[in-house]
Each structure stands twice: as C-alpha cells, then as structure tokens.
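See structure below.
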Amino acid sequence: MFLHILEARYARDYVVWVRFSDGTIGEVDLSAELVGPVFGPLRDLEKFKAFTLAYHTLTWPGGADFAPEFLRERVAVTV
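Position 32 of the sequence shown, counting from 1, maps to 59 under our numbering, and the rest follow consecutively.
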C-alpha cells in the first residue's frame, strides 16, 4: 500500500498539520529541513504557506516537495 497525504493545513511557523492514508494524524515541523537551493527559499514564511497537496504529498511553487514517507517519519502524532 502506498502512503498518501489526504489532507494538509498550515499550523504555525514551519509546521504543517497532516492526515495520512494510514490513519495517522499529526504535525510535522519542517524548520530543520529548509536548507539548500530547493528548500531554502521556503524560509520565507509566505512562500512556505503557499504549499498545495498534489500527487498525494506537499508541494510548493518552484518544485520543492517532500515524500509522504519522509513526512510520516517526522510527524508528531496528535489525538
């Protein structure tokens, strides 16, 4: 079974609330991941907030994205 993100919302700072196809729900803090030429520009909070849900994962204008598995490994589960 492939892991998908079914829903995502901006939470605060560089944190995104996500709901995965395996039933996991929680927040992912991406602040430590926003480095380099692809992800560094997302340090601009307005650019970070511009994510969309495409191809079952988070994507940003300019080509940045994170695989659902990568995000799932970093989720802080909420009840």
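Glycine included, each C-beta is placed from N, C-alpha and C at the ideal position.
Coil, strand or helix - residue i by DSSP
i: A77; result: coil
i: G53; result: strand
i: V62; result: coil
i: F93; result: strand
i: R99; result: helix
i: L69; result: helix
Cβ pair residue i, residue j closer than 8 angstroms
i: L85; j: F78; result: yes
i: R99; j: F47; result: yes
i: E60; j: W44; result: no
Buried versus exposed, by CB contacts within 10 Å (16 or more), residue i
i: A91; result: buried
i: P88; result: exposed
i: P64; result: exposed
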